[in-house]
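First residue of the sequence shown: 5, per this note's numbering; consecutive thereafter.
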Amino acid sequence: MAITFSNVAFAKEDTACKLKYWSAKSIIKESAIKRPKLGIVVADPAFKSCLRRVTDHTKLNQQISGHTYSQLQAWNADQTMILLMTNQIIDAKTFKLLHTIMGDTDGVRWSTTDPMQIFYTGGSVSGKFKGERCKQSDARLMSYRLTRKGNRVKGNHEIAFCFPEYKDLAKDPSYEDISSNGRYVALVGERKKDSRYELFAVDIIDKIKYKTLLLPVHKKWGPLYPDWAAVTPSGRYVLAQWGNGKDRFYGLEAYDLKTMRYAGKVSTSSGHGDIAIDKKGREYFIQTNASNAYLLGDRHYLIKARIPNGIFLNKTGADESRTLKSGATIPLLVLDWFHSIHISCRNHKYPGFCVVTTTGGYKNGRQALEREIFLLDLGSRANKPRVKRLVHHRSNSLTIEKSCGIEPYWADPHATISPDGRKVMFRSSWGKRCYIESYIVTWR
């Protein structure tokens, strides 16, 4: 059942942190606030949300102690543990380090249903799959099974799926999560025989590999693979993000999960976004059009594009009039062109809204929603957006780059929302510091 912002239950310490709908056009001053002590609840002075610092870079011995990415779920299925980009797992209440995953791991993901299971690609663990030996030269999807007694956590690597036909699986932090039922995952395999790539989905519970889609070869660049691939929360479609354009293998495309038949073009853009569910269970891609505005090019919009058909095309490209009139794509919010965006819609248990992070915007003075984290209701319209503004993230990528020798990308907050839609986790340098730590904001 979908929820609204007003009927979520919260812990006692969060009851004073009330949010309200704010104008998306008002410029809210960033008030001075000391870096919070580890685990202590403080109120954001501007928006009255509850804020905690949940990692300490010295205790974790990491200059960057944060979660991986906005599109990826940081919390496990029952929200008792949090996975960091360093493969460290912390307790979701005490924020103490519980465990570190060791070994060769790529694309580490929580199971969406089993709180004690993690999946990843890579590794060289020996073993059998369906009675056959999985060789070290074979690509594999791995399972990492956790056991926990109090604060003692152990893990065991197991082969979840072996692919002797592939030498590698392309899966990194930009590839998205497992379907909401914990069953399906999208993969891209590099074939041993000719180094071409295939896109496909697997059922990790019943150990079924579905039909593959052989991906094209570029005359200059050779075999192609998408920027990312994902299964939609419902498990009906596989999405693949290509470079911007209207032709096949451009833009964001949808394919039937089991047959890999082309189902439609969601967007002609390659702008950042995330897969969301609205209150009626419909799936959309929530996206910024700023990087290549082939649709709605007059402004910087956050849009929702229907899956699998989010755009109508004509001979010259996007048919904007037909697309907008049909509701295939709907502009939700207008933002400043200088704002960089990250979006998270990982609240699949309680859908209907997403969390948005803005960064940048230094060149033209302070603008509305600048360097903020806020909730965006998916029922919004550009002329009537519904936003709940959570916090100024106070992360300074300019300092990180010029003074600290850290890639500024890692200072981006990449806010991500919990499965139940109650918590948002983000990274921050908290001003001009040469380290990145994680914070969790809650509200009621």
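Idealized CB from N, CA, C, for every residue including glycine. Since the structure is predicted, the reported quantities are computational estimates derived from the model, not experimental observations.
Beta-carbon proximity list for residue i, same chain, < 8 Å, skipping 5 on both sides
{"i": "S10", "result": "Residue placement at S10 cannot be trusted, given a pLDDT of 33 that sits under 50; what the coordinates show is reported in the next sentence. Closer than 8 Å at the Cβ level, and outside the excluded window around S10, lies no residue."}
{"i": "I7", "result": "Its pLDDT being 31, under 50, I7 is placed unreliably in this model, and the value from its coordinates should be taken loosely. Answer for I7: Y354, G356 and G425, listed in chain order."}
{"i": "L336", "result": "I290, Y305, L306, I307, K308, L380, L382, S384, R385, A386 and P389"}
{"i": "S53", "result": "C21, L23, A47, L394, V395, V445, T446 and W447"}
{"i": "K436", "result": "N400, T403 and S407"}
{"i": "P412", "result": "S401, L402, I404 and E405"}
Residue i and residue j closer than 8 Å at C-beta
{"i": "E194", "j": "D172", "result": "yes"}
{"i": "L339", "j": "T361", "result": "no"}
{"i": "H396", "j": "H346", "result": "no"}
{"i": "G314", "j": "A294", "result": "no"}
{"i": "I212", "j": "V221", "result": "no"}
{"i": "V126", "j": "T109", "result": "For the sequence presented, residue 126 should be read as Gly rather than Val. In this structure, T109 lies closer than 8 Å to G126 by Cβ."}
{"i": "T72", "j": "F99", "result": "no"}
{"i": "S74", "j": "H418", "result": "yes"}
{"i": "D95", "j": "N155", "result": "yes"}
{"i": "L1", "j": "V242", "result": "Any question about residue 1 goes unanswered here, given that the chain covers just 5 to 448."}
{"i": "T116", "j": "S27", "result": "no"}
{"i": "V129", "j": "M146", "result": "yes"}
{"i": "W449", "j": "Y179", "result": "There is simply no residue 449 to check, as the chain begins at 5 and stops at 448 in what is shown."}
Cutoff 6 Å; reference residue i; Cβ partners in own chain excluding five residues on either side
{"i": "T151", "result": "K158"}
{"i": "A13", "result": "Confidence at A13 is low in this model, with a pLDDT of 34, below 50, so the placement of that residue should be treated as unreliable; the coordinate-derived value is given next. Contacts found: none."}
{"i": "K16", "result": "At K16, the pLDDT of 46 sits below 50, so the modelled position is not reliable; the number obtained from the coordinates is stated separately. For K16, where only same-chain residues beyond five positions count, there are no Cβ hits under 6 Å."}
{"i": "R39", "result": "W434"}
{"i": "K262", "result": "Y214"}
{"i": "D210", "result": "none"}
{"i": "T90", "result": "Q66"}
{"i": "M5", "result": "Unreliable placement is indicated for M5, whose pLDDT of 31 sits below 50; the coordinate value is still reported in the next sentence. Within the same chain, M5 has no close Cβ partners at all."}
{"i": "C438", "result": "C408"}
{"i": "N80", "result": "W114 and P119"}
{"i": "V192", "result": "A174, Y201, L203, Y229 and A233"}
Contact belief for residue i with residue j at Cβ below 8 Å, rounded distance in angstroms
{"i": "I44", "j": "R113", "result": "Not really, about 31 Å apart at Cβ, beyond 8 Å."}
{"i": "P230", "j": "A244", "result": "4 Å"}
{"i": "G479", "j": "K283", "result": "It is not possible to answer for residue 479, since the shown part of the chain is limited to 5 through 448."}
{"i": "R200", "j": "L217", "result": "Their Cβ separation, rounded to whole angstroms, is 11 Å, which puts R200 and L217 out of contact at 8 Å."}
{"i": "G70", "j": "R431", "result": "4 Å"}
{"i": "Q83", "j": "S330", "result": "That belief does not hold up - the Cβ atoms of Q83 and S330 are roughly 38 Å apart, past 8 Å."}
{"i": "R187", "j": "G239", "result": "6 Å"}
{"i": "I444", "j": "C349", "result": "Contact doesn't hold; Cβ gap of about 18 Å is too wide."}
{"i": "I440", "j": "I68", "result": "4 Å"}
{"i": "F316", "j": "R326", "result": "4 Å"}
{"i": "V359", "j": "I377", "result": "6 Å"}
{"i": "K139", "j": "P168", "result": "7 Å"}
{"i": "Y170", "j": "A190", "result": "Rounded, the Cβ-Cβ distance is 14 Å, inconsistent with contact."}
Segment limits, beta strand (DSSP E) that includes residue i
{"i": "R113", "result": "D110 to W114"}
{"i": "R310", "result": "H304 to R310"}
{"i": "V206", "result": "Y201 to D207"}
{"i": "T292", "result": "E287 to T292"}
{"i": "E279", "result": "It should be noted that the sequence gives Ile, not Glu, for residue 279. Residues G277 to I281."}
{"i": "K171", "result": "Y170 to L173"}
{"i": "H161", "result": "R156 to F167"}
{"i": "V338", "result": "T333 to L339"}
{"i": "K269", "result": "Y266 to S271"}
{"i": "R252", "result": "Note, R252: premise wrong, no beta strand (DSSP E); not H, not E."}
{"i": "R190", "result": "In the sequence as displayed, the identity of residue 190 is Ala instead of Arg. A190 -> beta strand (DSSP E) spans Y188 to R195."}
{"i": "V129", "result": "Counting along the chain, V129 falls outside any beta strand (DSSP E), and DSSP gives it neither H nor E."}
{"i": "L87", "result": "M85 to L87"}
Cβ shell of residue i (< 7 Å), same chain only, five flanking positions each side left out
{"i": "I281", "result": "P237, E287, H352 and P355"}
{"i": "G133", "result": "The displayed chain sequence assigns Phe, not Gly, to residue 133. Answer for F133: I163, F165 and C166, listed in chain order."}
{"i": "S30", "result": "A372"}
{"i": "N65", "result": "none"}
{"i": "R149", "result": "M120, Q121, G159, N160 and E162"}
{"i": "A78", "result": "H71, I86, L87, T420 and M429"}
{"i": "W341", "result": "A294 and H304"}
The alpha helix (DSSP H) enclosing residue i, as first and last residue numbers
{"i": "S147", "result": "Element bounds for S147: not the alpha helix (DSSP H) but the beta strand (DSSP E), A143 to K153."}
{"i": "E324", "result": "E324 to S330"}
Could you give the uninterrupted runs of the alpha helix (DSSP H) lying entirely in the stretch 42-66, keeping only those of 4 residues or more?
-> 61-64
Complete beta strand (DSSP E) runs within the stretch 363-447 (minimum length 3 residues, chain order) | 376-381, 391-396, 427-432 and 441-446
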